[in-house]
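Numbering (my numbering), first residue to last: 1 to 140.
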Amino acid sequence: MTSLNEIVVVLKGFILHKGKVLTVQRAHDDEVGSGTWELVGGQIRFGEDLETALLREIQEEVGLDVTVERILYATTFQTHATRQVVILTYLCKSDHHEVFLSQEHIDFRWSTKEQSRELLPPAILHDFERNGVFSLEEWV
């Protein structure tokens, strides 16, 4: 019996407010990356366009209305032998800082560059370095 390969597309928002980026901590019962810090986002649903899916995920996870500015970078990795994840990370801006977390996350922070270096996992920091995210003028 052969198993089917799966490709999952995930959209992430690099959400800036007053020079800081929103980072969220996954719940401890999360099957992927329990307790780790990440950017806000999730999977696209069949038939959704990219911006609509990203705005939906941000609203569901943190209750923010944002403006999607542009794509920052794309990356991909395998979670196991038959599953590959493609992540598209977008620069977003918010006029509001009040966050309402979903049950998927247990904490959040509006982070400076230095704080993000301490919170985020090495794979995300590597993507930031490789794609010039730390050079964004809007991020303090």
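Each residue gets a CB set at the ideal place from its N, CA and C atoms; glycine is no exception.
Counting the other CB atoms within 10 Å of its CB gives Leu-72 a total of 16 or more, which places it among the buried residues. When the five nearest sequence neighbours on each side are left out, the beta carbons in the same chain lying within less than 8 Å of the beta carbon of Val-66 are those of Gly-13, Ile-15, Leu-55, Ile-58, Cys-92, Lys-93 and Ser-94, in order along the chain. In this structure, Thr-112 places its C-beta atom within 8 Å of the C-beta atom of Lys-20. Ranking Glu-104, Gln-43, Ala-81 and Arg-70 by CA distance to the CA of Ile-87 puts Gln-43 first. For Ser-111, no alpha helix (DSSP H) segment is defined; the enclosing uninterrupted segment is the beta strand (DSSP E) at 105 to 111. Looking at the backbone, the Cα of Val-85 and that of Thr-75 are separated by about 8 Å. Here Gly-33 has Arg-26 as same chain residues with Cβ atoms under 6 Å from its own Cβ, once five neighbours each way along the sequence are excluded.
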